[in-house]
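Trainee: This structure is in structure tokens; I'll ask about it shortly.
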Amino acid sequence: MWWESKGHLEIKNNELYIANYSAVDLAKRFGTPIYVYNARRVIDNYQRFYNTLKKYADREVRVHYSMKANSNTYLLKILKEKGCWIDAVSPEEVLLAINLGFEENKILFTGSSLSHDDLLQVKPFKIRINVDSYSCLLKMKELDMKNEISFRIDPGIKGVGHNWKTITAGIEAHGHPIKFSIPIEELDFAIRLAIDLGFDIKGLHEHVGSNWLRKEEVDEFLETVKILVKKAKEVKSKFGINLDFLDLGGGPGIRYKEDQNEFPLEYYASNIFEILKDIETNAVSFEPGRYIVADAGILLVKVTEVKIRYGHIIVGVNSGFNHLIRPVLYNSYHEIVNCNNVEGEMEEVNIVGNLCETGDIFAAKRKISKVREGDILAILCAGAYGYSMSSRYNSRALPKEVVLDGERAYVCKEFYAKNEFYVSLT
Ligand code: LLP
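Position 218 (the sequence shown) corresponds to 208 in my numbering; numbering is contiguous.
Right, dumping it as structure tokens:
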């Protein structure tokens, strides 16, 4: 199968194995619905990303893991050990990162529509604040905040993303005005204001959208980098500011579907540093979320019923869009594998959740190997924006999470991991 990968997802005796454990056994042992994460895969993804950038880099590379993609505490801790920095978007994320031991100066807080209260919560910490509105700057002044800042700017051209809801640059996306950042043409004004208010400006930031994969899409992103670099040079010449960093945001996509390619990481890295030659900074920052965790996470669900309705096979499972909202919210494709019968005879089915909504569909008219009640289905590439976007809709419980790390499994039952514990898998 196109998704097989040694030591991560394998087929043995027609069953699915995740990180060398039978998915069916994991489901029995820990119960379903459950997110299963392979820690080694997360580390591999991170290392591949960092090492490839470093190979072309002429300066420090900072990888700020975008924890909104998945804030599982175990994964955050292993990423911290590998040297990751953090992209946080809420006071809650900032506090979680600090509690887990991330150094304050390695956290960049990029909020949106921030309140006084949000800012007050982060005021005690020496994190950097990535300002995306004048209002934010003025609130920081009112609160007498002394944090170093950067500006999130809009390059003035269209961003890139898998769905209009994840395009974050340009004037509009699909007819919807975009809310993020300060337009590049206003940056001089914003900088003057910040200087007058006494802020120390350390960087410029952009994040133009999420999940771009094809070379042409990378090219669109690179155009925005050129604009950012040009502006950074002007900032230096006009204001004499030597920027500590340029932050190029996140967005690198992953292969969700057979007919897609892997992200062209070498192309991305080599081109970025070619463009950056024109500007001196201490560091360049990146904020990948999906690329690090998406393919490391699998949502295991149990088939609760199979019924035939007007000739359609309806496969009901014990989960729904409360646990993985991406198919419903963005029409996103997730490969679904029958763990009990991976390579069996195929049939066309509709895989639906247990919520009381017609739209609660994981996959419509999808070919999958024959399914029976009680089978375990694996929804692949669910490690990013899966659990972190889950809800308690219909008063259903949140899904469970388990991280497989070699011979140990780390179980985390609550979002803030109050009752975490290890169990031996051997
Ligand atoms: N930096 C900023 C400022 C962001 O807003 C985001 C994502 C990232 C970095 C990380 O982007 P990534 O590398 O993961 O593409 N829920 C959607 C994705 C929303 C992304 C929001 N911002 C989805 O499931 O596709």
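Even glycine gets a Cβ: it sits at the ideal position worked out from N, Cα and C.
The beta strand (DSSP E) that contains Met336, what's its start and end?
Mentor: Here the question's residue 336 lines up with position 346 in the sequence shown. Taken as a continuous stretch (DSSP letters only), the beta strand (DSSP E) holding Met336 covers 336 to 342.
Trainee: Report the partner residues of Val26 according to the DSSP bridge assignment.
Mentor: Along the sequence shown, one-based indexing puts residue 26 at 36. DSSP, once it has assigned bridges, lists Ile288, Val392 as partnering Val26.
Trainee: In this structure, how does DSSP classify Ala374 when only helix, strand and coil are distinguished?
Mentor: Translated into positions along the sequence shown, residue 374 becomes position 384. Coil at Ala374, not helix or strand.
Trainee: Round the Cβ separation of Glu338 and Ile303 to the nearest angstrom and send it over; I've been treating them as touching at under 8 angstroms.
Mentor: Within the sequence shown, numbered from 1, the residue matching residue 338 stands at position 348. Within the sequence shown, numbered from 1, the residue matching residue 303 stands at position 313. Sure, about 7 angstroms apart at Cβ, within 8 angstroms.
Trainee: Below 8 angstroms on the Cβ atoms is my contact criterion, and I expect Glu94 with Asn272 to pass it. Report the Cβ-Cβ distance as a whole number of Å.
Mentor: By 1-based counting over the sequence shown, the position of residue 94 is 104. By 1-based counting over the sequence shown, the position of residue 272 is 282. Not quite, the Cβ-Cβ distance comes to about 18 angstroms (not below 8 angstroms), so this is no contact.
Trainee: How about Ala284 and Ala374: do their beta carbons lie closer than 7 angstroms?
Mentor: Locating residue 284 in the sequence shown gives position 294, where the first residue counts as 1. Locating residue 374 in the sequence shown gives position 384, where the first residue counts as 1. Going by C-beta atoms, Ala284 is nearer than 7 angstroms to Ala374.
Trainee: If distances are taken between C-alpha atoms only, which option among Lys18, Thr156, Ile161 comes closest to Lys148?
Mentor: Residue 148 sits at position 158 when you count from the first residue of the sequence shown. It is Ile161 whose Cα lies nearest to the Cα of Lys148.
Trainee: How would you call Asp108, buried or exposed, if buried means at least 16 neighbouring beta carbons within 10 angstroms?
Mentor: The residue you call residue 108 lines up with position 118 of the sequence shown. Its Cβ being crowded by 16 or more others within 10 Å, Asp108 is buried.
Trainee: Determine the closest residue to Lys113 out of Pro81, Glu(-6), Ile143, with distance taken between C-alpha atoms.
Mentor: Translated into the one-based positions of the sequence shown, residue 113 becomes position 123. Lys113 has its Cα closest to that of Pro81, out of Pro81, Glu(-6), Ile143.
Trainee: Anyone know if the C-beta pair for Ile8 and Ile288 falls short of 7 angstroms?
Mentor: Residue mapping note: residue 8 aligns to position 18 of the sequence shown, counting from 1. Residue mapping note: residue 288 aligns to position 298 of the sequence shown, counting from 1. Ile288 is positioned such that its CB atom lies closer than 7 angstroms to that of Ile8.
Trainee: Count the other CB atoms, across all protein chains shown, that sit within 10 Å of the CB of Ala407; report buried if there are 16 or more and exposed otherwise.
Mentor: Stepping through the sequence shown from its first residue, residue 407 is reached at position 417. Summary for Ala407: the model assigns pLDDT 48, below 50, so the residue's position carries little reliability; its value from the coordinates is reported in the next sentence. That one is buried.
Trainee: Taking C-alpha atoms, which residue in Tyr64, His(-2), Asn35 lies nearest to Ala399?
Mentor: The sequence position of residue 399 within the sequence shown is 409, counting from 1. Of the candidates Tyr64, His(-2), Asn35, the one whose C-alpha sits nearest the C-alpha of Ala399 is Tyr64.
Trainee: Counting pairs of beta carbons, one from the stretch 23 to 40 and one from the stretch 71 to 86, are three or more of them closer than 8 angstroms?
Mentor: yes
Trainee: Are Val79 and Lys58 touching if we call contact CB-CB under 7 angstroms?
Mentor: Indexing the sequence shown from 1 puts residue 79 at position 89. Indexing the sequence shown from 1 puts residue 58 at position 68. A distance below 7 angstroms separates the beta carbons of Val79 and Lys58.
Trainee: Just the Cα atoms here: how many angstroms apart are His313 and Leu345?
Mentor: Counted from its first residue, the sequence shown places residue 313 at position 323. Counted from its first residue, the sequence shown places residue 345 at position 355. Roughly 10 angstroms between the two C-alpha positions.
Trainee: If we ignore side chains and look at the alpha-carbon of each, how far apart do Lys131 and Val225 end up?
Mentor: Here residue 131 refers to the residue found at position 141 of the sequence shown. Here residue 225 refers to the residue found at position 235 of the sequence shown. It is roughly 22 angstroms from the alpha-carbon of Lys131 to the alpha-carbon of Val225.
Trainee: Counting only runs that start and end within the stretch 172 to 229, where is the beta strand (DSSP E) found for 3 or more residues in a row?
Mentor: 191 to 195
Trainee: Just reading off the beta strand (DSSP E) that Asn120 is part of, what are its end residues?
Mentor: Your numbering for residue 120 matches position 130 in the sequence shown. It spans 118 to 121 - the beta strand (DSSP E) in which Asn120 sits, taken as one unbroken run.
Trainee: Does the beta carbon of Asp144 fall short of 6 angstroms from some heavy atom of the ligand LLP?
Mentor: Counting from 1 along the sequence shown, the entry for residue 144 is found at position 154. No, since every heavy atom of the ligand LLP falls outside the 6 angstroms radius drawn around the Cβ of Asp144.
Trainee: CB-CB under 6 angstroms to Glu333, same chain, minus the five flanking residues each way: which ones, in chain order?
Mentor: Along the sequence shown, read from residue 1 onward, the residue named residue 333 stands at position 343. So the list reads Asn4, once near-sequence residues are dropped.
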